[in-house]
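Take 1 as the starting number for the sequence shown in UniProt numbering and just add one per residue.
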Amino acid sequence: MECRCICVCIAFTAIMFPIPVETGNILILVLPLWSHVKPTLTVATSLANKYGHHSTFILSKEFANKVKEDNTTSVIVPEAYKNFSVVAKDSIDDACNKMPPYFKFITIVNNVCHALLSDEALFKVLQQQNFDLAYIDNVMIADCFTVLAYKLGIPYVQLGVMHTPVRTRIPFMPSVHPAFALLGFLDEMSFIQRVVNTLFSVVMAVSPQVIFPTDLVATYVPEKPFVPLEVLHRRTAFHLVDMDFVLDFPRPLMPNVAFVGGVGTEKPKPLPSDLNSYMDSATNGVIVASFGSIANSLPASRMEILISVFKKFKNVKFVLRYENETKEDGNILLMPWLPQNDLLGHPNTKAFITHCGSGGLYEGLYNAVPMIGLPFLTDGFYNCRKMVFKGFGISYDFCKFTDFELSNAIQEILDNPKYGVKIKKASNIFHGQQGTPSERSAYWIDHVIQHGGDYLQTPATDMPLYKYYLLDVLLFITLVTFLIIWCCVRSIRACCRCCCRSKIKVD
Numbered sequence: 001m002e003c004r005c006i007c008v009c010i011a012f013t014a015i016m017f018p019i020p021v022e023t024g025n026i027l028i029l030v031l032p033l034w035s036h037v038k039p040t041l042t043v044a045t046s047l048a049n050k051y052g053h054h055s056t057f058i059l060s061k062e063f064a065n066k067v068k069e070d071n072t073t074s075v076i077v078p079e080a081y082k083n084f085s086v087v088a089k090d091s092i093d094d095a096c097n098k099m100p101p102y103f104k105f106i107t108i109v110n111n112v113c114h115a116l117l118s119d120e121a122l123f124k125v126l127q128q129q130n131f132d133l134a135y136i137d138n139v140m141i142a143d144c145f146t147v148l149a150y151k152l153g154i155p156y157v158q159l160g161v162m163h164t165p166v167r168t169r170i171p172f173m174p175s176v177h178p179a180f181a182l183l184g185f186l187d188e189m190s191f192i193q194r195v196v197n198t199l200f201s202v203v204m205a206v207s208p209q210v211i212f213p214t215d216l217v218a219t220y221v222p223e224k225p226f227v228p229l230e231v232l233h234r235r236t237a238f239h240l241v242d243m244d245f246v247l248d249f250p251r252p253l254m255p256n257v258a259f260v261g262g263v264g265t266e267k268p269k270p271l272p273s274d275l276n277s278y279m280d281s282a283t284n285g286v287i288v289a290s291f292g293s294i295a296n297s298l299p300a301s302r303m304e305i306l307i308s309v310f311k312k313f314k315n316v317k318f319v320l321r322y323e324n325e326t327k328e329d330g331n332i333l334l335m336p337w338l339p340q341n342d343l344l345g346h347p348n349t350k351a352f353i354t355h356c357g358s359g360g361l362y363e364g365l366y367n368a369v370p371m372i373g374l375p376f377l378t379d380g381f382y383n384c385r386k387m388v389f390k391g392f393g394i395s396y397d398f399c400k401f402t403d404f405e406l407s408n409a410i411q412e413i414l415d416n417p418k419y420g421v422k423i424k425k426a427s428n429i430f431h432g433q434q435g436t437p438s439e440r441s442a443y444w445i446d447h448v449i450q451h452g453g454d455y456l457q458t459p460a461t462d463m464p465l466y467k468y469y470l471l472d473v474l475l476f477i478t479l480v481t482f483l484i485i486w487c488c489v490r491s492i493r494a495c496c497r498c499c500c501r502s503k504i505k506v507d
C-alpha cells in the first residue's frame, strides 16, 4: 500500500512539475515560393505546439503576411528577396518555349544567393539571434542556405522534395535507383536509361562543380576553413525528404535520412459558404484544376484549350485557378486563388487536374482524389510518371496535349473506378502511418536540437572519393592481379624454355 502511494505521488509530481526540456531557436531558410513556404509553416507549427521551439523565417514581403507572428514565430524580410516572386514568375511566362524555364530560374536564384550572402546587415541581425539550428530548404540551386548556416556556425536540417543519393552518400544501385529526379526515370529503367543514369551519377560524384557553384564559401566565408559545397551538403545533421514510399519506390536510407512525404498536407477545412454551395450543387461531381501560383503566367493558348474542353462536359462542374477575378463561365468557376486542399476534401470532387508539384500531388493522395497530370516544370514530369505508374491517374505534357486527349482523360477518370480504388488504398496507407509528416519532421528537428546528429552520420560524409568508391582497393587488386598474371606468364615461359632445352640435349 505504501509503495502504491509513493508511485502515485511520483506520477503526480511528474505531471504537475515536468522536467523542463530546452526550447530551441530555429532559423528557417526557404525559397520565397508558396510551394516551398507552406511545408515549412506546418512544421514550424508542430515545433511550436509540441516542443515550444521558436522559429524565425527569412521570407519575402509577399509571404511574410501569411506568417502569424507571436511568441513562437517571427519574420525577417531581407533586401535580397525583394520582388523575387515577380521575377520568378516572369522567368516562366512561356513555359512551353525551347529554353526550359528551369535554367532561367537557376540564374535568378543564383543572383538571390549572392545578394543574400553579401548582406552584412542581415548577417549581423542573424548573429544576434543566437540560433540553435537552421531548417533549410534543400534546393540544389540554392545551396547558399547551407553556406549561410556554415557562416553562422550552426547545425542544419534540410527538407527537400528530391532524393539525391549521390549527394548524401547513400548507397544506391544505378540499375534500380534514379540518381536524379529531374532525369524523370522510374525504378524500372530501360538499357539506355540505365546507361544515362550511371553516367549522370558518375558526373555528380566526380565533378559536382559542373552542376553546383563552387565560389560561394570562398567568397563569403573567407574567415573559415574552405569546405566544398557538396561536403557542406553532406554534413547536414539530418535530411528530411518530402517523399513517401506509397507514392515513390523502396530504396535504402541512412539513419540521418527520413521520408516525410506530404509534409505540407493538412486536414481539409470547411469551405466558404458560397464556394461550399457551388460544390454541393454539383450532382454529377466537380473537377478541380490548379497549376499553382504561376497559373496566370502560363501560355494563354494552352489555357484556352483547357477551358474549351471543360465546356464540353456540361453536366460536370469545374473549379479552375486562373485570371484575376472570381467569375462563373458556364459550368466553370474561375478563381484567382482557391483553397485547393479544402476543395479536394469535398465529397463531390471527382478528379484533380494538376501540374504535379509535390504539394498538390500529396494533397490529392491525402484526399484520395484521382488525378490528371499536365506537367511543365522541373520535378513535375517525374512526379506525374510516378503517379501514372502507381495507377492514380493519367498524364500528358502540358505543352503538347490536345483537346481530344484531355477529353478522353477526363472521361476515363470519371467512368473508370480503378483510379479511385487504387488511390483510396494508397491514401489509407498514407494515413495509417504514425503521426503526421509535419509531426515526424518536428520530432527529428527537436531530436537534433536536444542530442545533436553526429552519432547518425556515416563515416562516408568526409571520406575522399577514391576511398568511398574503393578506387584504391580496386587499383591494389588490379596491380596484384597483374603481378600474379605476370609471374605466371614468366613462370610458364621459363618452364617452356627448360623443356625446350632438355629436348634439344636429348636429341
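C-beta atoms are modelled at their ideal positions from N, C-alpha and C, and glycine is treated no differently.
The DSSP-derived three-state label of Phe131 is coil. When secondary structure is reduced to three states using DSSP, Lys327 falls in the strand class. Restricting attention to beta strand (DSSP E) runs no shorter than 3 residues, the segment 117 to 201 encloses them at 133 to 137 and 156 to 160, ordered along the chain. CA-to-CA, the gap between Leu182 and Ala121 works out to about 36 angstroms. For the pair Leu365 and Ser427, the CB atoms are nearer than the 7 angstroms cut-off. Boundaries of the beta strand (DSSP E) around Ser74: Thr73 to Ile76. Beta-bridge annotation (DSSP): Ser290 is paired with Thr354.
Taking all protein chains in view, the Cβ of Glu69 is surrounded by fewer than 16 other Cβ atoms within 10 Å, so the residue is classified as exposed. Cβ atoms of Ala134 and Ala80 stay farther apart than 8 angstroms, at about 16 angstroms.
Taking C-beta separations shorter than 6 angstroms and ignoring five residues to either side along the sequence, the partners of Lys61 in its chain run Val77, following chain order. Between the alpha carbons of Met279 and Phe259 lies a distance of about 34 angstroms. Burial of Phe352 is indicated by the presence of at least 16 other C-beta atoms within 10 angstroms of its C-beta.
Distance from the Cα of Gly52 is smallest, within the candidate group Leu59, Ala44 and Asn331, for Ala44.
In the three-state DSSP reduction, Leu361 falls in the helix class (H, G or I).
Relative to Asn367, the option among Trp444, Lys425, Gly292 and Met204 whose CA is nearest is Lys425.
Boundaries of the alpha helix (DSSP H) around Asn383: Gly380 to Phe389. As the crow flies, the alpha-carbon of Glu439 is around 9 angstroms from that of Thr42. In this structure, Leu33 sits away from Leu159, with a CB-CB distance that is not shorter than 7 angstroms. For Asn428, the enclosing alpha helix (DSSP H) starts and ends at Lys418 to His431.
In the three-state reduction of the DSSP assignment, Lys311 falls in the helix class.
Cβ atoms of Lys151 and Val221 come within 8 angstroms of each other, at about 5 angstroms.
Judged by pairs of C-beta atoms under 8 angstroms, the segment 447 to 460 does not touch the segment 414 to 425, as fewer than three such pairs exist. In terms of Cα proximity to Phe238, the closest of Ile449, Arg497, Cys498 and Ala494 is Ile449. A check of alpha carbon separations from Phe131 across Ala149, Arg497 and Gly184 identifies Ala149 as the nearest. Under a 10 Å Cβ-count criterion, Pro174 is classified as buried, with 16 or more other Cβ atoms of the shown protein chains found around its own Cβ.
Listed in chain order, the non-local C-beta contacts of Phe389 below 7 angstroms within the same chain comprise Leu186, local neighbours out to five positions each way being set aside. The residue among Val109, Leu232, Pro464 and Gly359 with its C-alpha nearest the C-alpha of Pro339 is Gly359. The C-beta distance from Glu328 to Pro336 rounds to 14 angstroms, too long to meet the 8 angstroms contact threshold. Linking Val369 to Cys113 through their CA atoms gives a straight-line distance of about 38 angstroms. In the structure shown, Ser55 adopts extended strand secondary structure according to DSSP, grouped into three states.
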